Amino acid sequence: MGSIPTPATMMEKKRILTGDRPTGKLHIGHLMGSLLNRVKLQDEYEQFVLVANVQALTDNFDNPGKVRESIYELLCDYYAVGIDFEKTTVFIQSEVKQIHEIFVYLSNFVTIQQIGHNPTIKTELAQKGMEQSTPLGFFMYPVHQVADILSVNADLVPVGKDQLPMIESTRDLARKFNTTYDVEVLHEPEALVGVEKNVPGIDGNEKMGKSLNNAIYLADDEKILREKVFKVYTDPNRIRATDPGTVEGNIAFAYHDLFNSNREEVLSLKEKYRKGTVGDVEVKEKLFIAMNSVLAPIREKRMEAEKIKEELMSKALEGSKKVSNEAEKIVNKMKSAMKINFYEK
Ligand code: TRP
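Using our numbering, you'd call the opening residue of the sequence shown number 37 and step up by one each time.
Right, dumping it as structure tokens:
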């Protein structure tokens with residue numbers, strides 16, 4: 037605390053790995069759910085952030101241009117929120133071939149039936165209408181994601197509840213590999229839960245998402261932010277500002293709770309709202325001010341990022357080389373365990 041880290045303490049830093057699929061811009065759900073947390077964690081941990089472009093292709097293989105463009109969007113979003121590319125190793129999945137190799141070796145330790153029971157995959161197959169005809173690439177991605185995590189032998193994986201089965205699989209596969217060959221090559225990572233804050237969509241849907249068309253993006257300009265804030269779902273039963281209103285399930289107040297650091301103002305607005313002494317317009321005007329004060333500096337930094345996006349890409353490619361070197365060591369150990377390492381005496 038406050039002291040200069042010595043090489044010894046630096047070596048003791050635990051490894052964290054997280055990632056995002058590049059399929060679009062990031063929104064305030066990502067900001068509150070994971071991005072701000074990454075900014076905090078990058079000082080305490082050795083942090084890896086993966087741009088999962090190969091995973092993104094599993095259900096976007098016919099739209100590679102979107103995936104490619106979205107990598108830049110992600111890099112700009114990361115930079116904008118304060119992820120420091122010197123502290124955090126940002127890397128691109130397709131550039132680390134060892135992940136694919138680890139994936140192939142791990143696939144011996146999982147059954148098709150187990151993947152079929154993975155709740156995340158089940159939900160996604162239903163949502164995408166792919167239950168009758170399931171592309172193998174998509175079906176296998178949970179195992180590929182396990183390989184992401186094991187490629188750096190991460191100690192911790194910050195996740196939302198929906199990703200918990202993935203961490204369970206990682207632990208399971210790491211353990212099975214180690215016990216089968218009587219080695220200690222793969223680490224069983226822990227999930228870092230409880231860090232994710234769920235941010236509802238502006239329409240009142242409990243999830244914010246691009247396909248739901250209910251998101252506020254980090255890249256939105258001030259005018260769009262204002263428009264979206266004024267569209268936020270409030271209390272549908274309240275017709276006049278003098279009607280007593282409901283705060284629970286009211287998105288304007290959900291966002292006040294998340295963004296407005298003036299707790300007194302929030303409390304007093306809630307109280308007045310319940311009594312019917314404040315109108316939606318005032319609640320939203322104050323919400324816009326609160327949200328804009330958080331988002332304006334991010335927006336500004338994002339414009340800066342747009343200008344240096346090729347530089348950010350170079351950093352991510354450098355990061356990929358570093359991860360590739362780390363992963364190669366793990367691959368070699370796995371190959372030795374499986375007796376397919378022909379360069380080992
Ligand atoms: N599946 C994650 C998502 O959709 C992205 C991801 C890919 C990931 N590989 C990962 C997250 C490894 C954590 C660890 O957001």
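Even glycine gets a Cβ: it sits at the ideal position worked out from N, Cα and C.
The structure presented is a predicted model; accordingly, all values stated were derived computationally and were not measured.
Report the rounded CA-to-CA distance for residue i versus residue j, giving the unit in angstroms.
| i | j | result |
| --- | --- | --- |
| residue 237 | residue 264 | 10 Å |
| residue 37 | residue 113 | A caution first: residue 37 carries a pLDDT of 46, below 50, which makes its placement in the model too unreliable to give a value. |
| residue 64 | residue 118 | 14 Å |
| residue 201 | residue 182 | 11 Å |
| residue 305 | residue 319 | 7 Å |
| residue 195 | residue 219 | 28 Å |
| residue 221 | residue 363 | 12 Å |
| residue 93 | residue 99 | 8 Å |
| residue 370 | residue 208 | 16 Å |
| residue 61 | residue 255 | 8 Å |
| residue 338 | residue 302 | 29 Å |
| residue 324 | residue 269 | 14 Å |
| residue 170 | residue 161 | 8 Å |
| residue 73 | residue 258 | 24 Å |
| residue 197 | residue 379 | 42 Å |
| residue 345 | residue 373 | 41 Å |
| residue 365 | residue 48 | 19 Å |
| residue 121 | residue 294 | 27 Å |
| residue 217 | residue 229 | 31 Å |
| residue 55 | residue 330 | 23 Å |
| residue 307 | residue 266 | 20 Å |
| residue 163 | residue 175 | 14 Å |
| residue 159 | residue 240 | 21 Å |
| residue 110 | residue 273 | 39 Å |
| residue 297 | residue 123 | 28 Å |
| residue 292 | residue 299 | 9 Å |
Could you please give me the residues that DSSP links to residue i through a beta bridge?
| i | result |
| --- | --- |
| residue 56 | 87 |
| residue 28 | With the chain running from 37 to 381 in the structure shown, residue 28 is simply not present. |
| residue 226 | 192 |
| residue 63 | 253 |
| residue 82 | 51 |
Ordered along the chain, which non-local residues of its own chain (more than five positions away) have a Cβ less than 6 Å from that of residue i?
| i | result |
| --- | --- |
| residue 277 | 315 |
| residue 190 | 51, 53, 225 |
| residue 84 | 53, 125, 188 |
| residue 286 | 270, 271 |
| residue 80 | none |
| residue 180 | 139 |
| residue 327 | 295 |
| residue 356 | 127, 128, 131, 132 |
| residue 71 | 117 |
If you drop the 5 nearest sequence neighbours on each side, which residues of the same chain put their C-beta closer than 7 Å to that of residue i?
| i | result |
| --- | --- |
| residue 252 | 63, 64, 238, 261, 264 |
| residue 130 | 89, 90 |
| residue 359 | 84, 125, 127, 132, 187, 188 |
| residue 116 | 254, 334, 337, 338, 341 |
| residue 367 | 134, 137, 138 |
| residue 75 | 117, 118, 119 |
| residue 311 | 280 |
| residue 167 | 161 |
| residue 227 | 193, 195, 200, 203 |
| residue 309 | 281, 283, 319 |
| residue 375 | none |
| residue 351 | 121, 126 |
Tell me which residues share the same chain as residue i and place their Cβ nearer than 8 Å to its Cβ, disregarding the 5 neighbours each side in the sequence.
| i | result |
| --- | --- |
| residue 243 | 65, 234, 236, 237 |
| residue 59 | 92, 96, 102, 103, 106, 246 |
| residue 173 | 93, 94, 97 |
| residue 390 | Beyond the ends of the chain as shown, which are 37 and 381, falls residue 390; an answer cannot be given. |
| residue 77 | 52, 83, 194 |
I'd like to know if the stretch 89 to 105 and the stretch 144 to 159 are in contact, where contact means that at least 3 CB-CB pairs between them fall below 8 Å.
no
Check whether the stretch 136 to 148 touches the stretch 203 to 222, taking contact to mean three or more Cβ pairs, one atom from each stretch, closer than 8 Å.
yes
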